[in-house]
Amino acid sequence: MKQVHVDVAVIGGGPAGLAAALAAHSEGAGRVLIIERNVELGGILQQCIHHGFGLHRFKQELTGPEYAQRFINLVKETDIEVMLETMVLEVTPERKIYAVNSQTGMLEINAKAVVLAMGCRERTRGALRIPGGRPAGVFSAGTAQRYVNIDGYMPGKKAVILGSGDIGLIMARRFTLEGAKVEAVVEVLPYAAGLTRNVVQCLEDYDIPLYLQSTVIEIHGTKRIEAVTIAQVDAQWNPIPGTERKIECDTLLLSVGLVPENELSSQAGVAIDPVTNGPLVDESMMTNIPGIFACGNVLHVHDLVDNVSRESERAGMYAGRFAVGSSNPAPRRIKVVAGDNIRYVVPHEVSTTEPVEFFMRVQRPEDSVVLDVGGLRQLKKTSVRPSEMLDVKITPEQLQSLEGDTLVMQIVPQKEA
Amino acid sequence: MQKHITCTVCPMSCDVVLELSADGEILSLTGNKCPRGKVYATKEHTAPERTLTSIVKVSGGAHPVLPVRTNKPIPKEKLREGMAAAATIQVQAPVTMGDVIVKDFLGLDVDLVATRDI
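Heads up: the protein sequence lines correspond to chains Y and H, in order.
Per this note's numbering, the first sequence starts with residue 183, numbered consecutively.
Per this note's numbering, the second sequence starts with residue 6, numbered consecutively.
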């Protein structure tokens with residue numbers, strides 16, 4: 183088996199992996215390697231051909247491929263090594279990576295630091311348990327997006343979309359522009375799951391109806407899907423009898439959530455947060471396994487790639503420091519706790535010596551609130567939405583002023599003026 | 006008459022309220038939390054524009070299609086025409102991000118450009 187020794191090995195060549203590799207490289211890590219299973223770098227951004235990426239990062243609206251290309255070009259200017267069409271099979275707690283490709287066969291990669299940047303995958307029909315047959319024409323929205331934008335063909339002419347996540351909304355517009363008819367977008371929640379701007383730009387612009395508090399209760403058809411039955415649901419998400427409606431279609435797209443892809447992480451002994459489905463990390467984005475870091479959608483599902491890049495640069499920087507042996511664990515540890523109307527916060531534990539940027543999501547929509555960061559900072563928010571990730575930066579000085587060893591992140595009402 | 010426009014400039018998604026005269030003239034504009042919202046809502050009311058993103062056929066590349074965009078927004082009502090025009094285009098790899106695929110696309114004084122290398 184071929185043996186390779188590197189300072190930092192990055193698993194995944196999407197936006198998280200690219201940013202992490204670049205940061206590790208500029209931190210002084212000599213040999214940085216990106217391992218990517220696809221034929222090219224860029225990850226899922228390559229199929230997100232719509233624009234709206236990079237507003238924070240580049241102060242302009244880029245398409246997904248443009249955002250990716252900028253990072254790919256930066257990587258090309260360095261001596262960062264890239265292995266394409268290479269599948270990682272196992273990561274050990276000693277930071278050995280077993281991978282395989284058709285050119286070298288099996289590889290053993292010994293890394294001083296590993297960055298997990300495998301991204302996430304879509305929830306499937308199986309996870310929803312929709313009754314009915316198993317005809318062709320039922321796709322996850324991202325799969326359909328790949329067919330249309332990378333492979334160049336349309337998977338159907340008349341579609342229903344279940345779930346109002348951003349990919350579903352984007353695909354509603356894409357299908358419409360490509361000449362297909364989108365009959366309906368169906369969402370079980372009382373509000374759209376995706377960003378408001380996507381509801382406006384993708385559905386309202388094209389008069390595509392959005393049915394809230396509704397779901398698909400049956401899939402009709404044997405060889406190819408012929409129709410779906412949708413129904414309204416009650417507060418427990420149970421279908422309400424008498425509200426059923428059959429909609430003819432040849433395609434059903436599912437945009438029903440993303441799940442971080444952590445099989446490799448778990449195998450390596452990385453502890454997983456049951457809320458994010460991603461690793462537990464500290465302020466350096468390091469997991470419980472020394473030298474194994476995580477960032478991007480494998481850590482928690484983001485809505486803006488700009489945030490992925492920022493978070494991943496931090497992971498890469500600390501991975502680089504770990505690899506060259508310049509990092510020292512700080513003595514005082516603070517545990518981060520999700521308080522009122524906070525579903526989760528990343529990182530999960532911080533020190534008082536490093537600046538930290540917290541990313542978090544709320545559990546439910548609320549208006550006119552304050553995000554209270556353990557009493558250290560209060561940020562006014564006109565509205566908070568589960569679909570829109572919140573972020574807040576905290577300085578070491580602020581952290582040092584914290585009493586106790588717990589930081590509670592919470593949403594509190596704005597006091598009446 | 007009142008008209009609501011959701012600003013899409015940033016994720017704040019401000020609900021901009023336009024007070025309109027009988028012939029559609031903007032009498033007042035409220036609800037925007039920054040100046041960009043005023044610009045957006047005014048434009049959206051008078052002459053809505055969108056950036057067109059699509060694909061064109063490419064031969065000799067890693068994939069059969071190449072993603073493209075207009076380098077400036079085009080009138081919203083021109084999107085269908087733009088899609089139809091893009092569907093007829095065939096280019097040859099290699100292509101570099103930013104390469105102009107069609108100059109003065111649809112005669113709208115915008116260019117259709119490649120959004121990646123292929």
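Beta carbons are placed, not taken as given, at the ideal position from N, Cα and C, and that holds for glycine.
- The beta carbon of Pro372(Y) does not come within 7 Å of any beta carbon belonging to chain H, so the residue lies off that interface.
- DSSP, read as helix, strand or coil, puts Phe357(Y) in helix.
- At a beta-carbon threshold of 9 Å, none of the residues of chain H lie near Val368(Y); the nearest stands roughly 21 Å away.
- By the Cβ criterion, the region 323-338 of chain Y is in contact with the region 357-370 of chain Y, since at least three pairs of Cβ atoms, one from each stretch, lie closer than 8 Å.
- If you check the CB distance, Val483(Y) and Pro529(Y) do not come in under 7 Å.
- Under the 10 Å beta carbon count, Gly473(Y) is surrounded by 16 or more other beta carbons and is classified as buried.
- Secondary structure of Pro442(Y) (DSSP, three-state): strand.
- Annotation: Lys258(Y) is outside any beta strand (DSSP E); the continuous alpha helix (DSSP H) that includes it extends over 246-258.
- Here the alpha carbon of Lys517(Y) sits roughly 29 Å from the alpha carbon of Gly194(Y).
- Cα atoms of Asn220(Y) and Ile279(Y): separation of roughly 18 Å, rounded to the nearest angstrom.
- Residues of chain H with a Cβ closer than 8 Å to the Cβ of Asn331(Y) are, in chain order, Ile60, Val70, Pro72.
- Ranked by Cα distance from Glu365(Y), the first of Asp348(Y), Leu371(Y), Leu385(Y), Ser466(Y) is Leu385(Y).
- By the CB criterion at 7 Å, Gln228(Y) and Pro197(Y) fall outside the cutoff.
- Excluding its 5 nearest sequence neighbours in each direction, Cys431(Y) has C-beta neighbours in its own chain below 7 Å: Lys340, Ala341, Val342, Glu365, Ile407, Ala409, Val410, listed in chain order.
- Residues of chain Y whose Cβ lies closer than 7 Å to the Cβ of Asp122(H) are, in chain order, Gln251.
- As a beta-bridge residue in DSSP terms, Met591(Y) pairs with Ala520(Y), Val555(Y).
- Of all C-beta pairs linking the region 556-563 of chain Y to the region 491-508 of chain Y, fewer than three are shorter than 8 Å, placing the two stretches out of contact.
- Counting along the chain, the unbroken alpha helix (DSSP H) around Val490(Y) starts and ends at 487-506.
- Around the beta carbon of Ser437(Y), a 10 Å sphere encloses 16 or more other beta carbons of the protein chains shown; the residue is thus reported as buried.
- Not a single CB atom of chain Y sits nearer than 7 Å to the CB of Met6(H).
- Under the rule that a run must span 4 or more residues, the alpha helix (DSSP H) segments found entirely inside the region 308-366 of chain Y read 323-331, 348-359.
- About 7 Å separates the beta carbon of Pro568(Y) from that of Arg546(Y), a gap short enough to meet the 8 Å contact definition.
- For Tyr280(Y), the uninterrupted beta strand (DSSP E) segment begins and ends at 278-283.
- Boundaries of the beta strand (DSSP E) harbouring Lys184(Y): 184-193, taken from the DSSP string.
- Taking the Cβ atoms as the reference, Val594(Y) lies roughly 40 Å from Gln449(Y), outside the contact range of under 8 Å.
- Leaving aside the five residues that flank Val115(H) on each side, the residues in its chain whose CB is nearer than 7 Å to its CB run, in chain order, Thr75, Asn76, Lys77, Ile79.
- Residue-level contact by beta carbon fails for Arg492(Y) and chain H, as no gap is shorter than 7 Å.
- By the neighbour-count criterion, in which 16 or more other beta carbons inside 10 Å mark a residue as buried, Arg316(Y) falls on the exposed side.
- Minimum Cα-Cα distance from Glu30(H) among the listed residues Thr47(H), Gly103(H), Asp109(H), Cys12(H) corresponds to Thr47(H).
- Residues of the same chain with a CB within less than 6 Å of the CB of Gln580(Y), apart from the 5 flanking positions on each side, are Leu558 in chain order.
- For Leu581(Y), the uninterrupted alpha helix (DSSP H) run begins and ends at 578-582, by DSSP.
- Counted as a single uninterrupted DSSP element, the stretch harbouring Leu32(H) is not any alpha helix (DSSP H) but the beta strand (DSSP E) occupying residues 31-35.
- Counting the other Cβ atoms within 10 Å of the Cβ of Pro313(Y) gives fewer than 16, which makes it exposed.
- Boundaries of the alpha helix (DSSP H) harbouring Thr47(H): 40-51, taken from the DSSP string.
- Between Met468(Y) and the set Ala250(Y), Glu369(Y), Tyr500(Y), the nearest pair of CA atoms involves Tyr500(Y).
- Within the region 236-248 of chain Y, contact with chain H at the beta-carbon level (separation under 9 Å) is assigned to Leu237, Glu243, Leu244, Thr245, Gly246, Pro247, Glu248.
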